[in-house]
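Engineer:
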Amino acid sequence: MDLITCSHIYKSFGAFKALDDISLDFPEGKVFGLLGPNGAGKTTLIRIINRITIPSEGEVFFRGKHMTDEDVEKIGYMPEERGLYRKMKVGDQALYLARLRGMSHSDAMSELKKWFVRFGIESWWNKKIEELSKGMAQKIQFITTVVHRPKLIIMDEPFSGFDPVNAQLIRDEMLRLKDEGATIVLSTHNMQSVEELCDSIALINKAHVVESGRIDDIRHKYGSNNVEIVYSLPSGDAPVLSDGRCFRVLSDEDDMGRHTAVLEVDKGTASKELLSEIIQNVNIISYKELLPRMNDIFIKLVTGGTAAVNRPAEADSRIAASQSEE
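Using our numbering, read the sequence shown as starting at 84 and increasing by one per residue.
#1: Taking DSSP's pairing of strands, which residues face Met143 in a bridge?
#2: Can you tell me whether Val323 is buried or exposed, with buried defined as 16 or more other CB within 10 angstroms of its CB?
#3: Which residues mark the beginning and the end of the beta strand (DSSP E) in which Glu294 is found?
#4: Are Asp242 and Thr271 close, meaning C-beta to C-beta below 8 angstroms?
#5: Tell me the residue span of the beta strand (DSSP E) that contains Val114.
#6: Can you list, in chain order, the residues of its chain whose CB lies under 6 angstroms from that of Gly159, leaving out five sequence neighbours each side?
#7: Quick one, are the C-beta atoms of Ile284 and Ile301 less than 8 angstroms apart?
#8: Taking Phe115 as the reference, give the member of Glu336, Val277, Ser307 with the closest Cα.
#9: Taking the straight line between their C-alpha atoms, what separation do you get for Glu163 and Ser206?
#10: When you compare only the Cα positions, how much space is there between Lys217 and Phe245?
#11: Which term fits Ala177, buried or exposed, when burial requires 16 or more other beta carbons within 10 angstroms of its beta carbon?
#12: Would you call Gln221 buried or exposed, if buried means 16 or more other Cβ atoms sit within 10 Å of its Cβ?
#13: Pull up the CB-CB distance for Ile368 and Tyr305, whole angstroms please, since I reckon it's below 8 angstroms.
#14: Fully enclosed by the stretch 347–382, which alpha helix (DSSP H) runs are 4 residues long or longer?
#15: Between which two residues does the alpha helix (DSSP H) containing Ile204 stretch?
#16: Below 8 angstroms, how does it come out for the stretch 167–186 and the stretch 132–142: are there three or more Cβ pairs, yes or no?
#17: Are the CB atoms of Leu357 and Phe381 nearer to each other than 8 angstroms?
#18: Mark Phe96 as exposed unless 16 or more other C-beta atoms lie within 10 angstroms of its C-beta, in which case mark it buried.
#19: Between Asn288 and the rest of its own chain, which residues show a CB-CB distance below 7 angstroms, the 5 nearest in sequence each way excluded?
#20: Need the endpoints of the beta strand (DSSP E) that Thr266 sits in, please.
#21: Pick out whichever of His291, Arg328, Asn366, Ser187 has its Cα sitting closest to the Cα of Ser106.
So, in structure tokens, the structure goes:
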């Protein structure tokens, strides 16, 4: 089921068209990446979903019904421009924002204490915001965004200002919230985070949706049917891997008897079919598809260039020789 549906959204500011016929579905309980270069229209769409601004044309639906101000109470929004009061104490700030989101004083105190303990920041309660680093303030912003347990969490560049350790902490918390049923919309230029977190994405460029769908489907769509095989020869005088019935060898590097070959595979060839042919001649150590990174696809779609497709990704499949021999 879709939590949010944007139907034929248009938004103009005078002669400038910020959004041009945007239709998107945000699936419930998933992480959805909203991608695009600066000025593409992402923030405008987010503000329309939050009812901060209204579309020139089009509708936004919440669980199939026209979105209302009451539905906005079910949203947690962390904008790219942070909004904490620098002279205010951390605890007072967090409590104030939780109350604005409709929580009672007792519920807000209870939930905030849990979050402060989870993040190990109990000692920050009486500090002023101006005493915190950018990353520390970001943690407070994150907590105040999710403390009321919103059904929809929208985060605009949430990893800005974080070191790698704290960025991973936020990623883990986002995945935990997703597992608990929250729908998360992630707007970011960090393509590594997109690959790690997002189930599906939409890429907006020049006010239009230029690509959307599941991450795996999109990466396969822009791939080039190349795979990497790591193998060894059954004997020292055996011939190296050569072109086969359903593949061609693009490169083959030998590192003391351990060969790494990149193959171009005929479209429609199943991995099992490919491996059954190769295993007759060599000992397969590992196998993986070479799919383009989301960063390469982003650049290709925004600039019209060619995505670099022969970069292995950590999540690509690996099949050990023992499995292949079966």
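Just so you know, even glycine gets a beta-carbon here, dropped at the ideal spot from N, CA and C.
Structural biologist: Quick look at the numbers:
#1: Here residue 143 corresponds to residue number 60 of the sequence shown, with the count starting at 1. Checking the displayed sequence, the identity of residue 143 turns out to be Val instead of Met. Paired residue(s): Cys89.
#2: Residue mapping note: residue 323 aligns to position 240 of the sequence shown, counting from 1. It counts as exposed.
#3: On the sequence shown, position 211 is the one that residue 294 refers to. Segment 291–297, the beta strand (DSSP E) holding Glu294.
#4: Start at 1 with the first residue of the sequence shown, and residue 242 comes out as number 159. Start at 1 with the first residue of the sequence shown, and residue 271 comes out as number 188. Per the sequence shown, the amino acid found at residue 242 is Phe instead of Asp. Going by C-beta atoms, Phe242 is nearer than 8 angstroms to Thr271.
#5: Translated into positions along the sequence shown, residue 114 becomes position 31. Segment 114–118, the beta strand (DSSP E) holding Val114.
#6: For this step, residue 159 is matched to residue 76 along the sequence shown. So the list reads Thr228, Val229, Pro233, Ile236, once near-sequence residues are dropped.
#7: Residue 284 sits at position 201 when you count from the first residue of the sequence shown. Residue 301 sits at position 218 when you count from the first residue of the sequence shown. Closer than 8 angstroms, so yes.
#8: Here residue 115 refers to the residue found at position 32 when the sequence shown is read from its first residue. Selected option, being the one with the closest Cα: Val277.
#9: The residue labelled residue 163 in the question sits at position 80 within the sequence shown. The residue labelled residue 206 in the question sits at position 123 within the sequence shown. C-alpha separation (whole angstroms): 26 angstroms.
#10: Taking the first residue of the sequence shown as position 1, residue 217 is located at position 134. Taking the first residue of the sequence shown as position 1, residue 245 is located at position 162. Their backbone Cα atoms lie some 8 angstroms apart in a straight line.
#11: Taking the first residue of the sequence shown as 1, we reach residue 177 at position 94. It is buried - the Cβ of Ala177 has at least 16 other Cβ atoms within 10 Å.
#12: Residue mapping note: residue 221 aligns to position 138 of the sequence shown, counting from 1. With 16 or more other Cβ atoms within 10 Å, it is buried.
#13: Your numbering for residue 368 matches position 285 in the sequence shown. Your numbering for residue 305 matches position 222 in the sequence shown. Ile368 to Tyr305, Cβ: 27 angstroms. No contact.
#14: 354–361
#15: As a working mapping, residue 204 is identified with position 121 in the sequence shown. No alpha helix (DSSP H) holds Ile204; DSSP gives it neither H nor E.
#16: no
#17: Locating residue 357 in the sequence shown gives position 274, where the first residue counts as 1. Locating residue 381 in the sequence shown gives position 298, where the first residue counts as 1. No, the pair does not count as a contact, with Cβ atoms beyond the cut-off.
#18: Position 13 of the sequence shown, counted from the first residue, corresponds to residue 96. With fewer than 16 other Cβ atoms within 10 Å, it is exposed.
#19: One-based indexing of the sequence shown puts residue 288 at position 205. So the qualifying residues of the chain are Gly119, Pro120, Ala123, Leu384, Val385.
#20: Position 183 of the sequence shown holds residue 266. Per DSSP, Thr266 belongs to the beta strand (DSSP E) from 266–270.
#21: Numbered from 1 along the sequence shown, position 23 holds the residue referred to as residue 106. With distances taken between Cα atoms, Ser106 lies closest to His291.
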